[in-house]
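Visitor:
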Amino acid sequence: MKKLGIVFIMLFGLMAFSQDKNARASIEVDGVCTMCKERIEKACIRTKGVKSAVWSVETHELKLIYDARKTDLKTINQSIADVGHDTKEIVASDVAYNSLHACCLYRDDVVKEDHKEK
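Mapped onto mature numbering (1 follows the signal peptide of the UniProt record, and there is no 0), the consecutive letters of the sequence shown carry residue numbers -18 to -1, 1 to 100.
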């Protein structure tokens, strides 16, 4: 019985020190429409370790849940930039940005105004 108590205490101690692997973060991502939303969320979900990604067209806020042992915010920001969208940390290359559909060119003031009217 004494050994069982010691084993229980050891297991409980290990559980107390286990790290919470899920991290939550919000980042601002530029975009203008639901096509942008799909592209941004898909780029995040394809990043190893990202469990949830929800981007708001209205606020440009991307809410993330990710496994901090498998990825980090720099990697996630890079995945977003690779598909053509700017974040506060990384600006998309001109090649990636120019590959976006015409209605998704969020740097263009005319495109931004067109989306505000809808």
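Even glycine gets a Cβ: it sits at the ideal position worked out from N, Cα and C.
Considering only their Cβ atoms, is the gap separating isoleucine 62 from alanine 25 smaller than 8 Å?
Guide: Result yes, Cβ atoms of alanine 25 and isoleucine 62 sit closer than 8 Å.
Visitor: Suppose you measure from the CA of lysine 98 to the CA of isoleucine 22; what does that come to, to the nearest Å?
Guide: Between lysine 98 and isoleucine 22, the C-alpha separation is close to 20 Å.
Visitor: For a test of the three-state rule: what should DSSP assign to valine 11, helix, strand or coil?
Guide: Looking at valine 11 - three-state DSSP - the assignment turns out to be strand.
Visitor: Quick check on DSSP: helix, strand or coil for alanine 5?
Guide: Three-state result, alanine 5: strand.
Visitor: Whose C-beta lies closer than 7 Å to the C-beta of glycine 66 among residues of the same chain, with five residues either side of it excluded?
Guide: Contacts found: Ala74, Ala78, Tyr79, Ser81, Leu82.
Visitor: Which runs of the alpha helix (DSSP H) fall wholly inside the stretch 51 to 87 and span at least 4 residues, in chain order?
Guide: Runs found: 55 to 64, 76 to 80.
Visitor: Please state if the CB of lysine 56 and the CB of glutamate 71 are separated by a distance shorter than 8 Å.
Guide: For glutamate 71 and lysine 56, yes; Cβs fall inside 8 Å.
Visitor: Terminal residues of the continuous beta strand (DSSP E) containing lysine 33?
Guide: Counting along the chain, the beta strand (DSSP E) containing lysine 33 begins and ends at 32 to 37.
Visitor: On the criterion of 16 or more Cβ atoms from any shown chain inside 10 Å, does valine 14 qualify as buried, or is it exposed?
Guide: With 16 or more other Cβ atoms within 10 Å, it is buried.
Visitor: Below 7 Å CB to CB, which residues in the same chain sit around methionine 17 once its five sequence neighbours on both sides are set aside?
Guide: Around methionine 17: His83, Cys85, Cys86.
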